[in-house]
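Structure, as structure tokens:
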């Protein structure tokens, strides 16, 4: 006998199953507090604004920047085996930048930050022959080559300053000639007639070579020169003489935003630099000591018997930063300074020095009150 067919037992219909992968707007709407028809009473209910936990972060349009939305590829290396691998594989394998390249890029970004108005750096040393002028040229050339604005170095040394001799001489004018032409200065090109320009784009205003005329270059003259230069130049570097009591020095210090104090890795050079800081603090320039960068310039080949760690620690406890610039044959020649002829270690040291100095550039809100007038 064939099996008997039993029809399936009917099942009571239940609520529809929720599809987790389908968008259901009703699940996300708030429940109205009243049961009346909102069309009859449109003012009875409106969605409440979002309120998270107290002090919770609330998203805004600033979150949607290019840095957060774009998936940027790693920067390709410009040197070494990393560059070779990237080129040989057609970019399929990109090892990225080395630590040194990332550090250099960070330094350049710091160097290129904008300057509010003009920024004035004075280079000091009570002892001659320690590399003050070469440090002025090295730092100024680095700034000029990596920034897009105008950078100038002024020779305020009354004792036959050689700053003007260390760049290709394009004019015989000096600071005295610029002062004489002051009534006719109307535009940048009027000042450019009195300056010489290095391959790095650093401009130099030479000092007076006549000892009688240079002695007459005093505080009021220096202030008049700065008043003209600050209109057209963002960075103004002043190469001072070794005499801190010279008549122009009071104006140099009062108008400076920061100091670069140059010393040698020798006992007498270190003592002279420390004595300079003592004098500045005793004469009301303690604020400049706090913003001083000490450069220990090696003017002779070979290592020094001086304890460099102890020397650097002494100045770090008094100043903002300390940097050692290694000996370089090109700088020791005493001729025109060309960044392309420096040893890589020396050029890297000047880039680091420029980044250190740039860290003190006043922001748009102003980090410090600036020079006195």
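In the working numbering, the protein residues as written are 2 to 374. Note that CB positions come from ideal geometry on N, CA and C, so glycine has one too.
Query raised in the report: Between 123, 299 and 209, which lies nearest to residue 251 when the distance is taken from Cα to Cα?
Result: Within the chain shown, the letter at position 250 stands for residue 251. Minimum Cα distance to residue 251 is reached at 123.
Requested in this report: Sort out for me which residues DSSP pairs residue 239 with in a bridge.
Outcome: Reading the chain shown from its first residue, position 238 is the one you call residue 239. In DSSP, residue 239 forms a bridge with 123 and 155.
**Report entry** Proximal residues to residue 248 (C-beta, below 6 Å), its chain only, five neighbours per side dropped
**Finding:** Start at 1 with the first residue of the chain shown, and residue 248 comes out as number 247. Only 219 and 220 meet the Cβ criterion.
Requested in this report: For the region 201-231, list the alpha helix (DSSP H) runs that are entirely contained and at least 4 residues long, ordered along the chain.
Outcome: 212-216 and 220-230
Query raised in the report: Hey, how far is the Cα of residue 257 from the Cα of residue 89?
Result: Sequence index remark: in the chain shown, residue 257 carries index 256 (1-based). Sequence index remark: in the chain shown, residue 89 carries index 88 (1-based). Cα to Cα, the separation comes out at about 52 Å.
Query raised in the report: What is the C-beta distance between residue 112 and residue 144, in whole angstroms, given that I count them as a contact (C-beta under 8 Å)?
Result: Here residue 112 refers to the residue found at position 111 of the chain shown. Here residue 144 refers to the residue found at position 143 of the chain shown. The Cβ separation is near 7 Å, so the contact holds.
Query raised in the report: Taking DSSP as the reference, what is the three-state secondary structure of residue 198?
Result: On the chain shown, position 197 is the one that residue 198 refers to. DSSP places residue 198 in strand when its eight states are reduced to three.
Report task. Indicate the three-state DSSP secondary structure (helix, strand or coil) for residue 359 in the structure shown. Result -> By one-based count along the chain shown, residue 359 stands at place 358. Residue state, collapsed to three classes: helix.
Query raised in the report: Of the choices 270, 57 and 240, whose alpha-carbon is the least far from that of residue 162?
Result: For the purposes of this step, residue 162 is taken as the residue at position 161 of the chain shown. That would be 240, whose Cα lies nearest to the Cα of residue 162.
Query - Spatial distance of residue 340 from residue 208 (CA atoms) - result: Here the question's residue 340 lines up with position 339 in the chain shown. Here the question's residue 208 lines up with position 207 in the chain shown. In a straight line, the C-alpha of residue 340 is about 22 Å away from that of residue 208.
Query raised in the report: What separation, rounded to the nearest whole angstrom, lies between the Cα atoms of residue 353 and residue 108?
Result: Translated into positions along the chain shown, residue 353 becomes position 352. Translated into positions along the chain shown, residue 108 becomes position 107. Rounded to the nearest angstrom, the two C-alpha atoms are 7 Å apart.
Query raised in the report: Cβ atoms of residue 172 and residue 407: under 9 Å apart, would you say?
Result: Here the chain covers residues 2 to 374 and nothing more, so residue 407 does not appear.
Query raised in the report: What span of residues does the alpha helix (DSSP H) with residue 277 cover, start to end?
Result: Locating residue 277 in the chain shown gives position 276, counting from the first residue. First-last of the alpha helix (DSSP H) with residue 277: 268-283.
Query raised in the report: DSSP state of residue 290, grouped into three classes?
Result: The sequence position of residue 290 within the chain shown is 289, counting from 1. Of the three classes helix, strand and coil, the one that applies to residue 290 here is helix, per DSSP.
Report task. Output yes or no for whether 9 Å exceeds the beta carbon distance between residue 168 and residue 338. Result -> For the purposes of this step, residue 168 is identified with residue 167 of the chain shown, where counting begins at 1. For the purposes of this step, residue 338 is identified with residue 337 of the chain shown, where counting begins at 1. In this structure, residue 338 lies closer than 9 Å to residue 168 by Cβ.
Query raised in the report: Measuring CA to CA, which of 174, 238, 181 and 103 is closest to residue 121?
Result: Sequence index remark: in the chain shown, residue 121 carries index 120 (1-based). With distances taken between Cα atoms, residue 121 lies closest to 238.
Requested in this report: Measuring alpha carbon to alpha carbon, tell me which of 137, 302 and 146 ends up nearest residue 155.
Outcome: The count along the chain shown starts at 1 and reaches residue 155 at position 154. Residue 137 is the option with its Cα nearest to residue 155.
Requested in this report: Classify residue 266 as buried or exposed, calling it buried when 16 or more other Cβ atoms lie within 10 Å of its own Cβ.
Outcome: On the chain shown, residue 266 is found 265 positions in, with the first residue counted as 1. With 16 or more Cβ atoms within 10 Å of its Cβ, residue 266 is classed as buried.
Requested in this report: Starting from the C-beta of residue 24, find all residues in its chain whose C-beta is less than 7 Å away, skip the five residues before and the five after it, and write them out in chain order.
Outcome: Here residue 24 refers to the residue found at position 23 when the chain shown is read from its first residue. Since pLDDT at residue 24 reaches only 45, below the 50 mark, its modelled position is unreliable, and the value read off the structure follows with that caveat. Result list for residue 24: empty, nothing under 7 Å.
**Report entry** For residue 131 and residue 323, believed in contact at Cβ under 8 Å, the rounded distance
**Finding:** Here residue 323 corresponds to residue number 322 of the chain shown, with the count starting at 1. Here residue 131 corresponds to residue number 130 of the chain shown, with the count starting at 1. Actually they do not touch by this definition, with Cβ atoms about 15 Å apart.
**Report entry** DSSP three-state assignment for residue 264, whether helix, strand or coil
**Finding:** The count along the chain shown starts at 1 and reaches residue 264 at position 263. The answer is strand: DSSP assigns residue 264 an E or B state.
**Report entry** From 127, 233 and 118, residue whose alpha carbon lies closest to that of residue 263
**Finding:** Here the question's residue 263 lines up with position 262 in the chain shown. Nearest option by C-alpha distance: 127.
Query raised in the report: Since residue 152 contacts residue 203 with CB under 8 Å, what's their CB separation in whole angstroms?
Result: Position 151 of the chain shown, counted from the start, is the residue given in the question as residue 152. Position 202 of the chain shown, counted from the start, is the residue given in the question as residue 203. Confirmed, about 6 Å.
Query raised in the report: Buried or exposed: where does residue 288 fall if 16 or more other Cβ atoms within 10 Å of its Cβ makes it buried?
Result: Counting from 1 along the chain shown, the entry for residue 288 is found at position 287. Per the 10 Å Cβ criterion, exposed.
Report task. Can you have a look at residue 294 and say buried or exposed, based on whether 16 or more other CB atoms are within 10 angstroms of its CB? Result -> As a first step, residue 294 is located in the chain shown; it is residue number 293 there, counting from the start. Looking at its Cβ environment, which holds 16 or more other Cβ atoms inside 10 Å, residue 294 is buried.
Query raised in the report: Among all the DSSP beta bridges, which residues are the ones paired with residue 297?
Result: The sequence position of residue 297 within the chain shown is 296, counting from 1. Bridge partners of residue 297: 264 and 325.
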